[in-house]
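In the order they appear, the protein sequences are chains V and D.
For the first sequence, my numbering assigns the number 173 to the last residue and increments by one with no breaks.
For the second sequence, my numbering assigns the number 337 to the last residue and increments by one with no breaks.
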Amino acid sequence: MNNADYKKYTTDRAKRSSCLLNSVKAFFVGGFICCIGQALFNLYLWWGADENTARTLVSVTLIFAAGLLTGIGVFDKIGKFSGAGTLVPITGFANAIAAPAIENKTEGKINGVCSKMFVMAGPVIVFGTLSSAIYGLVYYIVTKVL
Amino acid sequence: MNKLIKFDNVYVEERASVVGKTEKAGPLSAYFDMCEEDEYFGTDTWEKAESEMTHRCLNLLMSKKKLKSDDIDLICGGDLLNQCVASSFGVKESGVPYLGLYGACSTFAEGVICASTFIKAGAINRGIAHASSHFCSAEKQYRFPLEYGGQRTPTSQNTVTGCGSLLLSTAPSPIRVKDGMVGRIVDAGITDVNNMGAAMAKAAADSLTEYFALSDKKASDFDIIATGDLGREGFEICCELLGDSIVGLKDKFTDCGMLIFDLEGQDVHAGGSGCGCSAVVTAGYFLNKLYMGEINNLLLLSTGALMNPTTVFQGQSISGIAHAVHFERNSVYA
Chain V
28 MNNADYKKYT
38 TDRAKRSSCL
48 LNSVKAFFVG
58 GFICCIGQAL
68 FNLYLWWGAD
78 ENTARTLVSV
88 TLIFAAGLLT
98 GIGVFDKIGK
108 FSGAGTLVPI
118 TGFANAIAAP
128 AIENKTEGKI
138 NGVCSKMFVM
148 AGPVIVFGTL
158 SSAIYGLVYY
168 IVTKVL
Chain D
4 MNKLIKFDNV
14 YVEERASVVG
24 KTEKAGPLSA
34 YFDMCEEDEY
44 FGTDTWEKAE
54 SEMTHRCLNL
64 LMSKKKLKSD
74 DIDLICGGDL
84 LNQCVASSFG
94 VKESGVPYLG
104 LYGACSTFAE
114 GVICASTFIK
124 AGAINRGIAH
134 ASSHFCSAEK
144 QYRFPLEYGG
154 QRTPTSQNTV
164 TGCGSLLLST
174 APSPIRVKDG
184 MVGRIVDAGI
194 TDVNNMGAAM
204 AKAAADSLTE
214 YFALSDKKAS
224 DFDIIATGDL
234 GREGFEICCE
244 LLGDSIVGLK
254 DKFTDCGMLI
264 FDLEGQDVHA
274 GGSGCGCSAV
284 VTAGYFLNKL
294 YMGEINNLLL
304 LSTGALMNPT
314 TVFQGQSISG
324 IAHAVHFERN
334 SVYA
């Protein structure tokens with residue numbers, strides 16, 4: 028068997044994770060996190076925050092909760108169960124920063140925590156910054172120039 | 004060069020194995036000398052933990068025979084960490100001459116072949132072969148941080164936390180190292196890091212075929228023929244690749260990575276992997292069977308996947324390698 032055939036043979040026979048089951052889990056866990064977000068939003072409004080501040084506070088709260096759950100070793104279990112359900116909301120991003128920071132703290136604050144914390148989330152930050160810059164440029168051209 | 008190296012005066016004088024808590028929860032628990040519940044082995048980093056595990060394993064091996072460091076001529080061993088630090092830091096205090104080896108997960112058989120060859124050549128009288136791996140240090144180096152919340156594919160494997168070591172010498176003992184064969188690198192073109200079994204299966208089939216072609220032995224001469232850490236996926240592929248080419252293989256063919264864990268009850272996907280896998284299963288389980296006379300001949304085929312995260316990101320394929328060692332029960336001294 029040549030390598031191309033072998034690769035096809037091993038890929039074809041490899042068992043895959045259940046797409047349907049994972050999608051259902053992700054839908055409900057992700058939806059539940061969004062419900063918590065909405066509840067927090069209403070709570071912050073009720074406490075007197077304006078809409079923009081309440082939105083920011085919701086993100087901050089979810090990031091804090093994900094960071095805390097990562098630190099006490101619970102988030103990886105939730106993430107393993109729910110897959111994209113925790114990955115897609117901001118909780119996944121928070122976990123991707125907190126997890127390498129914790130793992131590499133043994134190499135010190137500078138060379139470990141600070142330098143390694145963006146190892147996984149780095150691409151998200153790069154693409155996020157880049158796309159918002161492009162968006163800003165388009166927005167400027169559409170609203171000011173035209 | 005004849006790839007089959009025959010040994011006529013190399014014996015397994017003693018053996019030791021140290022494992023972690025997942026291995027303790029597995030079906031071979033009773034066969035290991037020492038199980039540590041603390042993943043850190045009383046230290047504060049994963050790397051130190053693996054070195055401490057190696058240190059304990061070597062001390063245990065020597066203490067079983069009431070030997071001191073001065074009685075050992077050479078240690079041949081390795082692990083999976085960059086620059087083999089788990090072994091070198093673990094061996095450091097002993098002051099014994101040391102050869103650090105890297106053969107990925109095939110390191111255990113590589114160590115046995117190296118130490119046995121030194122003994123055969125008359126360069127040393129007594130040497131140690133060991134190999135170790137640690138789930139947490141391996142995850143940190145090769146995959147994701149432990150606290151990262153992600154999923155793994157069914158073909159991925161669980162790195163064994165364990166260190167296995169053998170004390171090899173010219174002193175006649177119940178278990179003998181009869182011969183060994185250094186495997187060649189087989190690149191099957193696999194690039195999926197979550198399917199190491201497929202990457203190594205072709206090399207395992209190649210080495211096994213080559214071993215039976217070189218030696219005048221048949222599968223029926225062995226009671227157990229075991230690959231190192233193909234896992235369920237790789238083992239099935241290896242069986243399919245071999246087909247019926249080796250007569251009588253099927254009923255004695257197994258894999259250390261499948262034996263060490265309960266694949267249904269433990270969350271380990273396709274089974275165990277890592278240098279420690281074939282090391283602890285051989286030192287703890289197989290050699291106990293040989294020692295007790297339950298089996299008389301064992302063919303160990305430690306398998307390794309040759310890669311690192313950089314080569315994988317650069318799109319290079321993962322090569323496989325497999326080294327064979329024949330252990331024989333020596334009933335005269337039993």
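Built from N, CA and C at the ideal position, the CB exists for glycine as well.
Cutoff 7 Å: residue i Cβ touching any chain V Cβ
| i | result |
| --- | --- |
| GLN154 (chain D) | yes |
| PRO148 (chain D) | yes |
| ASN85 (chain D) | no |
| ALA201 (chain D) | yes |
| TYR101 (chain D) | no |
| LYS24 (chain D) | no |
| GLY307 (chain D) | no |
| ALA28 (chain D) | no |
| THR173 (chain D) | no |
| PRO312 (chain D) | no |
| ASN338 (chain D) | The displayed coordinates of chain D run from 4 to 337. Any statement about residue 338 (chain D) would go beyond what the structure contains. |
| GLY98 (chain D) | no |
| THR230 (chain D) | no |
Cβ-Cβ distance between residue i and residue j below 7 Å
| i | j | result |
| --- | --- | --- |
| MET261 (chain D) | GLY274 (chain D) | yes |
| MET203 (chain D) | ALA308 (chain D) | yes |
| ILE240 (chain D) | SER322 (chain D) | no |
| SER136 (chain D) | ALA327 (chain D) | no |
| THR110 (chain D) | GLY277 (chain D) | no |
| CYS87 (chain D) | SER168 (chain D) | no |
| ILE324 (chain D) | GLY186 (chain D) | yes |
| ASP190 (chain D) | SER320 (chain D) | yes |
| SER86 (chain V) | ILE117 (chain V) | yes |
| CYS38 (chain D) | LYS51 (chain D) | no |
| GLY192 (chain D) | LYS35 (chain V) | no |
| PRO177 (chain D) | TYR288 (chain D) | no |
| ALA286 (chain D) | ILE249 (chain D) | no |
Below-7 Å beta-carbon distance, residue i vs any chain D residue
| i | result |
| --- | --- |
| SER154 (chain V) | The amino acid at residue 154 (chain V) is misidentified as Ser; the sequence shows Phe. False, the Cβ-Cβ gap to chain D never drops below 7 Å. |
| PRO183 (chain V) | An answer regarding residue 183 (chain V) cannot be provided, because it is not within the stretch 28 to 173 covered by chain V. |
| GLU78 (chain V) | no |
| TYR166 (chain V) | no |
| ASP103 (chain V) | yes |
| GLY106 (chain V) | yes |
| ASN122 (chain V) | yes |
| LYS42 (chain V) | yes |
| GLY149 (chain V) | no |
| GLY110 (chain V) | yes |
| LYS224 (chain V) | This structure gives no information on residue 224 (chain V), because the portion of chain V shown stretches from 28 to 173. |
| ASN30 (chain V) | yes |
| THR133 (chain V) | yes |
| THR97 (chain V) | yes |
Rounded distance between the beta-carbons of residue j and residue i, thought under 8 Å
| i | j | result |
| --- | --- | --- |
| GLN317 (chain D) | THR25 (chain D) | Incorrect: roughly 32 Å between the Cβ atoms, too far for contact. |
| GLY23 (chain D) | GLY234 (chain D) | Going by Cβ atoms, the distance from GLY23 (chain D) to GLY234 (chain D) rounds to 18 Å, so no, they are not a contact pair. |
| VAL283 (chain D) | PHE92 (chain D) | About 20 Å separates the two Cβ atoms, so there is no contact after all. |
| ILE75 (chain D) | MET65 (chain D) | 7 Å |
| ASN198 (chain D) | ALA41 (chain V) | 6 Å |
Check: residue i C-beta below 6 Å from any heavy atom of the ligand MG
| i | result |
| --- | --- |
| VAL87 (chain V) | As presented, the structure is devoid of all ligands, the ligand MG included, so that no description of it is given. |
For residue i, three-class secondary structure by DSSP
| i | result |
| --- | --- |
| MET65 (chain D) | helix |
| THR306 (chain D) | strand |
| GLY231 (chain D) | coil |
| PHE92 (chain D) | helix |
| LEU301 (chain D) | strand |
| MET261 (chain D) | helix |
| ALA204 (chain D) | helix |
| PHE44 (chain D) | coil |
| PHE145 (chain V) | coil |
| LEU84 (chain V) | helix |
| ASP345 (chain D) | The question about residue 345 (chain D) has no answer, for chain D in this structure spans 4 to 337. |
| HIS137 (chain D) | coil |
| VAL271 (chain D) | coil |
| GLY80 (chain D) | strand |
| ASN161 (chain D) | strand |
| SER320 (chain D) | coil |
| GLY103 (chain D) | strand |
| MET37 (chain D) | strand |
| PHE225 (chain D) | coil |
Contact between the stretch 153 to 160 of chain D and the stretch 99 to 118 of chain V is defined here as three or more beta-carbon pairs at a separation below 8 Å; is this criterion met?
yes
Does the contact criterion of 3 or more C-beta pairs under 8 Å hold for the stretch 158 to 165 of chain V versus the stretch 130 to 147 of chain D?
no
Inter-stretch contact at 8 Å, needing at least 3 Cβ pairs: the stretch 121 to 140 of chain V / the stretch 127 to 136 of chain D
no
Determine contact between the stretch 9 to 18 of chain D and the stretch 117 to 125 of chain D, defined as no fewer than three beta-carbon pairs at a distance below 8 Å.
yes
Below 8 Å, how does it come out for the stretch 95 to 102 of chain D and the stretch 150 to 157 of chain V: are there three or more Cβ pairs, yes or no?
no
When you compare the stretch 173 to 183 of chain D with the stretch 329 to 336 of chain D, are there three or more beta-carbon pairs, one atom per stretch, that lie closer than 8 Å?
yes
Is the stretch 57 to 77 of chain D in contact with the stretch 294 to 302 of chain D, if contact means three or more CB pairs nearer than 8 Å?
no
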